[in-house]
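Here is the structure we will look at, set down as structure tokens.
Number of protein chains: 2
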Amino acid sequence: MLTLKHLPISSFNENLAYINRDCSVYKIDDINSLVKIEVHGGLKTIYAFLQVVNDPKLVKPNELALNNEAFKQINLPEGAKVSVSLSSLPPSLNSIKRKVAGNILSSGEYSAIINDITARRYSNMDIASFLVASGSFMSAPEVLSLTEALIGDKTIVWENEDIVVDHHCLGGVPGNKTDLIITAIVAAYGLPMPKTAAHSLTSCAGVADTMSVLANVNIDEKRLKELIKENRGAIVSYDSLDLAEATRIIANVEKQIGITEKSHIAASILAIKIAAGVTHLVVDIPVGPKSRIKNTNEAMRLRKLMEYVGDMLSLEIDAVITDGSEPVGNGVGAVLEARDVIKVLKNSEDAPQDLREKSLFLAGRMLEFDPKLRGGQGYFAAKEILDSGRALEAMNKIIKAQGKVSQPKLGGLTRDIVADSSGIVDSIDNSRINKIGVMAGAGQYAGAGIDLLKKAGDKVEAGDILYRLYSCNSTDFAFANSLIDAYNGYEISEEEEEEEENEEE
Amino acid sequence: MLTLKHLPISSFNENLAYINRDCSVYKIDDINSLVKIEVHGGLKTIYAFLQVVNDPKLVKPNELALNNEAFKQINLPEGAKVSVSLSSLPPSLNSIKRKVAGNILSSGEYSAIINDITARRYSNMDIASFLVASGSFMSAPEVLSLTEALIGDKTIVWENEDIVVDHHCLGGVPGNKTDLIITAIVAAYGLPMPKTAAHSLTSCAGVADTMSVLANVNIDEKRLKELIKENRGAIVSYDSLDLAEATRIIANVEKQIGITEKSHIAASILAIKIAAGVTHLVVDIPVGPKSRIKNTNEAMRLRKLMEYVGDMLSLEIDAVITDGSEPVGNGVGAVLEARDVIKVLKNSEDAPQDLREKSLFLAGRMLEFDPKLRGGQGYFAAKEILDSGRALEAMNKIIKAQGKVSQPKLGGLTRDIVADSSGIVDSIDNSRINKIGVMAGAGQYAGAGIDLLKKAGDKVEAGDILYRLYSCNSTDFAFANSLIDAYNGYEISEEEEEEEENEEE
């Protein structure tokens, strides 16, 4: 038996076990042969990946050390006695081979794969293999099987609620924080909306990041239920609810390999919403040449897929295809986006109208889930709530109940990006703006981001400011600037003055 | 700038960088956002994956620690000043997305992918993604592109040699160490054969493991050239020649994810052989229901694929489809296999005839690469060399020149597996025998393995020993025994005595 030690190292969701090369119990002859091991302690067995240590000051020959992830999972004190055995590959890995060979996998196979992922029996490499193998083709019943498997053991049950609504946007459009405005409107209307939000993975801000600027989002299930009872609405980080664990493990790998397949997105979103007890879901599918979904055919396929899975799992889905051709709102990055949201809720004169209109449109669809509302009246009901200030009031209550936070400041390093020539802003490249923002630190620092002062269709003179970059530290700032210098994301076409004049006549 | 420290941890080919959570230079706010980093020191930039450390005893806030792999690559002393930047995903990852979407990748794309893999810009996750994405379908020109990319920068040039021959077996058949016998015969004949051999990845012994029982196999290029000049033959580990580095990085990931696609095997083998300067290659493709290649159609496709790639890259290939339905020879595992090889070379009475015949057949094909040899005479020339003792003599010279080693002992833990019933051995399951052997420690310990005392077609009485298991430690021994107890790999059919009697009449 070896003596347990804790090496306080965080390794991004992977369990690592450190053993001395001169281990007193196990012969570590050929390190290439021993990669995945099982660590047994007490009644617990955990899976870990072996790291071989040469230095007894780090790990003694009679010790086995675990990193933060593994130490937390084995849940034993340092000094406990543990043993090790070689772990064979989990049998569900055979299903991945079958998928590579072009087969349709059964519901049982998806269930076994997701169970093994949740039990940390898969390395991140294995998870990447699964994602890529299934990413190239999944039949609709396979997406259903994957969704069911991803839901996991724990679901929130909403007693005394006939319908529980939520909204999810598939992303790819910078800014676009309709969720906060929608939640305020829907809560003011009176439908229960426990908005489970994510932190940024690859964008300038997740909904949870933007809400974090205004309020605490780390809320557990018990408190969430109180909040919904009190205010009908809440915007919380779904991490803190500990739901659909496999979706988070998978998202971590997707981020690292930079590959996110639409069938997996659909399955993950629906699994999370079902686990959260949602019964009625509006899905915003933005379409644009530089958005995540490039064309309406693709959007339509995704819509039908989600409708099919929703129908089979009793989740009512209203999937709406929207214009994702340019950023929505002016701010990109948590602090700037929160500013836009508050402007809209306050009906400020300078509130971004595209954000306001899109939020009203989507909130209207949400309200129409209420059987009592007459068809076609959702938008007007939403508009009345926003215009009357009841949405702002609802948001203030939500913020107070979740716990107000001291608002983070905008980054101190700024740069104004100006137009080289006069003309009309022809287009703004979503993916470029997102990349510049992420490089500037957005997604990581709330105060980093981009304030878009000109939008598509706006007239500009040479020297006018197109957007302002905010960064919190010089490394990020330099990165973002080098990107901007190569291509700033704006296309400006020469103004055709004569034609315009003709049109004005 | 941070101060460089070395943490003596081996992490299976991945570069890891450890930074204190309270790092004095970089703000590690949200560890999920910072995964892949670049470490800059002197004129060198290396890529590494971040591990966040909580304990200043391990890594101080002003330090950056590297594991063995990364410390070796950056090649700076402890105490050197280094800086860190966020690494963006390598652009070639986009090609993987294109492959997932079903596209044919260009030669330039394969070249970029392999360059990035060699530069350690890919995580093991990324490599797994590439292998799985390309594994499901590659066109023949894509396999050609991959092969060319895998060859790498360094190739061995054999001056004053018209042809340089080698042999490679695709594996999946336990035992089967024809390579050592073939090399001895070919060297005795006089053709130059620098056999580049691999250590076991998933089998009970690679050719390099079996040769290691007899001689040193860690030979560099300079010495290899001397050996070939002296003896015409050598059997060396290709790791020690530092050729086609990407093939080794890829093989490591293939082993860990348990997925090995035939197109990748073909590309890797041909790249290694071309990098080693081989001009003429015999490829043994064993076919059997429990072998790696299951049927002749599959074998034929692989043969044509290798012939196509070989033709395009001026490597003459003679791909031979052989019987892989059961193990070849009696010994499985390095020590036992070496014993069989020596028996064949010594023309011992109890030498395994299947191993002898297969080696002669393949050596014959090799010899026919010699333009001076009359067609159809290869087998007889090989047989004459073996029978006359010249092959043994050549092997003894080779062993002496490479450096004789003290032969490792067979494992001390043994078990005789006996027949439950009388009858005829109908079949022996290759993959089961391999798995039992690997679990017993073969591939890791030279002395572990299986000695097959009965082969297919042999008559057995209940209680007769079918095979003997050897293991070097009790953990492995217990593992192998539990496998054997579930299924020992032998199928014994009832002897139909009457029919036999009839035949004898």
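Chains as they are written, first to last, in our numbering: chain A, 1 to 505; chain B, 1001 to 1505. For each residue, glycine too, the CB sits at the ideal point set by N, CA and C. On a predicted model such as this, the values are computed, not experimentally measured, just so you know.
Residues near S1033 of chain B by beta carbon distance below 7 Å, same chain, minus five either side: Locating residue 1033 of chain B in the second sequence gives position 33, where the first residue counts as 1. Its pLDDT being 44, under 50, S1033 of chain B is placed unreliably by the model, and the measurement read from it follows with that caveat. So the list is empty, once near-sequence residues are dropped.
Chain B contact residues for V143 of chain A, given Cβ-Cβ distances below 9 Å: One-based indexing of the first sequence puts residue 143 of chain A at position 143. Per Cβ cutoff of 9 Å: no residues; V143 of chain A is ~16 Å from chain B at best.
Residues near E1504 of chain B by beta carbon distance below 6 Å, same chain, minus five either side: In the second sequence, residue 1504 of chain B corresponds to position 504, counting from 1. With a pLDDT of only 45 at E1504 of chain B, under the threshold of 50, the placement of this residue in the model should not be trusted; the figure read from the coordinates follows. Nothing meets the Cβ criterion.
How many Å lie between A334 of chain A and D451 of chain A at the Cα? Mapped onto the first sequence, residue 334 of chain A falls at position 334. Mapped onto the first sequence, residue 451 of chain A falls at position 451. When rounded, the distance between both Cα atoms is 11 Å.
K1097 of chain B touches chain A at which residues, Cβ-Cβ below 7 Å? Here residue 1097 of chain B corresponds to residue number 97 of the second sequence, with the count starting at 1. Result: I259.
Give the range of the beta strand (DSSP E) segment to which H199 of chain A is assigned. The count along the first sequence starts at 1 and reaches residue 199 of chain A at position 199. That residue, H199 of chain A, is in no beta strand (DSSP E); it is neither H nor E in DSSP.
Note down the Cα distance separating N502 of chain A from A462 of chain A, rounded to an integer number of angstroms. Within the first sequence, the letter at position 502 stands for residue 502 of chain A. Within the first sequence, the letter at position 462 stands for residue 462 of chain A. Annotation note: pLDDT 49 at N502 of chain A (below 50); position unreliable, no value reported.
For F49 of chain A, name the three-state secondary structure that DSSP assigns. As a working mapping, residue 49 of chain A is identified with position 49 in the first sequence. Strand at F49 of chain A.
Go through its chain and collect everything with a Cβ distance to G1423 of chain B's Cβ below 7 Å, but skip five positions before and after it. The residue you call residue 1423 of chain B lines up with position 423 of the second sequence. Result list for G1423 of chain B: V1460, I1492, S1493, E1494 and E1495, in chain order.
For S1111 of chain B, report the span of its alpha helix (DSSP H) as first-last. Position 111 of the second sequence, counted from the start, is the residue given in the question as residue 1111 of chain B. Note, S1111 of chain B: alpha helix (DSSP H), S1107 to T1118.
Does A1480 of chain B get closer than 7 Å to chain A when you measure Cβ to Cβ? Along the second sequence, one-based indexing puts residue 1480 of chain B at 480. No, its Cβ sits nowhere closer than 7 Å to a Cβ of chain A.
What does a CB cutoff of less than 7 Å around N481 of chain A pick up in its chain, not counting 5 residues either side in sequence? As a first step, residue 481 of chain A must be located in the first sequence, where it is residue number 481. Hits under 7 Å: R415.
Under 7 Å between C-beta atoms, does V1213 of chain B make it to chain A? One-based indexing of the second sequence puts residue 1213 of chain B at position 213. No - not a single Cβ of chain A is within 7 Å of the one on V1213 of chain B.
Determine which residues share a DSSP beta bridge with R1468 of chain B and list them. Residue 1468 of chain B sits at position 468 when you count from the first residue of the second sequence. Note: R1468 of chain B sits in a beta bridge opposite B:D1416 and B:D1451.
Report yes if the CB atom of L180 of chain A is closer than 7 Å to the CB atom of V341 of chain A, and no otherwise. Counting from one through the first sequence, the residue named residue 180 of chain A turns up at place 180. Counting from one through the first sequence, the residue named residue 341 of chain A turns up at place 341. Closer than 7 Å, so yes.
Is there a Cβ from chain B that is less than 7 Å from the Cβ of M300 of chain A? What you label residue 300 of chain A is simply residue 300 of the first sequence in a count that begins at 1. For M300 of chain A, the answer is no, since every Cβ of chain B falls outside 7 Å of its Cβ.
Would the beta-carbon of G437 of chain A fall within 7 Å of that of S200 of chain A? As a position in the first sequence, residue 437 of chain A is number 437, starting the count at 1. As a position in the first sequence, residue 200 of chain A is number 200, starting the count at 1. No, the Cβ-Cβ distance between G437 of chain A and S200 of chain A is not below 7 Å.
Between which two residues does the beta strand (DSSP E) holding D166 of chain A run? For the purposes of this step, residue 166 of chain A is taken as the residue at position 166 of the first sequence. Its beta strand (DSSP E) spans residues V165 to C169.
Which value, in whole angstroms, describes the spacing of the CA atoms of I398 of chain A and I274 of chain A? Mapped onto the first sequence, residue 398 of chain A falls at position 398. Mapped onto the first sequence, residue 274 of chain A falls at position 274. Approximately 23 Å, taken between the alpha carbons.
Neighbour list for T1475 of chain B in chain A, Cβ cutoff strictly below 7 Å: Looking up residue 1475 of chain B in the second sequence gives position 475. S85, listed in chain order.
Tell me which residue opens and which closes the alpha helix (DSSP H) that A1382 of chain B is part of. Position 382 of the second sequence, counted from the start, is the residue given in the question as residue 1382 of chain B. Run containing A1382 of chain B: G1378 to D1387, per the alpha helix (DSSP H) assignment.
Chain A contact for G1175 of chain B (CB, 7 Å cutoff): Locating residue 1175 of chain B in the second sequence gives position 175, counting from the first residue. No, G1175 of chain B lies away from the interface with chain A (no Cβ there is under 7 Å from its Cβ).
Under a Cβ-count criterion, where at least 16 other Cβ atoms within 10 Å of its own Cβ denotes burial, should V522 of chain A be classed as buried or exposed? With chain A covering only 1 through 505, there is no way to say anything about residue 522 of chain A.
For my contact list, K1455 of chain B and E1326 of chain B are in at a C-beta cut-off of 8 Å; report their separation, rounded to the angstrom. Residue 1455 of chain B sits at position 455 when you count from the first residue of the second sequence. Residue 1326 of chain B sits at position 326 when you count from the first residue of the second sequence. At roughly 7 Å, the Cβ-Cβ gap stays under 8 Å, so K1455 of chain B and E1326 of chain B are in contact.
Between the region 1120-1146 of chain B and chain A, which residues of the former have a C-beta closer than 9 Å to a C-beta of the latter? S1123, N1124, M1125, D1126, I1127, A1128, S1129, F1130, L1131, V1132, A1133, G1135, S1136 and F1137
CB contact check: Q51 of chain A to chain B, cutoff 7 Å: Locating residue 51 of chain A in the first sequence gives position 51, where the first residue counts as 1. Yes, Q51 of chain A lies at the interface with chain B (some Cβ there is under 7 Å from its Cβ).
Output, in chain order, the set of chain A residues within a Cβ distance shorter than 7 Å of V1332 of chain B. Taking the first residue of the second sequence as 1, we reach residue 1332 of chain B at position 332. The premise fails here: V1332 of chain B is roughly 16 Å from chain A at the closest Cβ pair, so nothing lies under 7 Å.
Option nearest I9 of chain A by Cα separation, candidates A:M1, A:R365 and A:N67: Looking up residue 9 of chain A in the first sequence gives position 9. Minimum Cα distance to I9 of chain A is reached at A:N67.
Below 7 Å between beta carbons: does that hold for I1285 of chain B and A1319 of chain B? To locate residue 1285 of chain B, count along the second sequence from 1; it is residue 285. To locate residue 1319 of chain B, count along the second sequence from 1; it is residue 319. Yes.
Kindly indicate if chain A contains any beta-carbon less than 7 Å away from that of D1464 of chain B. By 1-based counting over the second sequence, the position of residue 1464 of chain B is 464. Cβ-Cβ to chain A under 7 Å: no for D1464 of chain B.
Name, in chain order, the residues that DSSP records as bridge partners for M1211 of chain B. The residue you call residue 1211 of chain B lines up with position 211 of the second sequence. DSSP, once it has assigned bridges, lists no residue as partnering M1211 of chain B.
What residue range does the beta strand (DSSP E) around D323 of chain A cover? Numbered from 1 along the first sequence, position 323 holds the residue referred to as residue 323 of chain A. That run of the beta strand (DSSP E) goes E316 to D323.
Interface residues of chain B facing I54 of chain A [CB-CB closer than 9 Å]: As a first step, residue 54 of chain A is located in the first sequence; it is residue number 54 there, counting from the start. It should be pointed out that residue 54 of chain A corresponds to Asn in this sequence rather than to Ile. Simply P1008, I1009, S1010 and N1068.
Taking only beta-carbon positions, decide if V100 of chain A is within less than 7 Å of chain B. Counting from 1 along the first sequence, the entry for residue 100 of chain A is found at position 100. By this cut-off, V100 of chain A is an interface position.
Leaving out the 5 sequence neighbours to the left and right, which residues in its chain are closer than 8 Å to S1087 of chain B when beta-carbon positions are compared? In the second sequence, counting from the first residue as 1, residue 1087 of chain B sits at position 87. Only K1036, I1037, E1038, Y1047 and R1121 meet the Cβ criterion.
Would you identify the three-state DSSP class for M138 of chain A, choosing helix, strand or coil? Taking the first residue of the first sequence as 1, we reach residue 138 of chain A at position 138. Coil, per DSSP.
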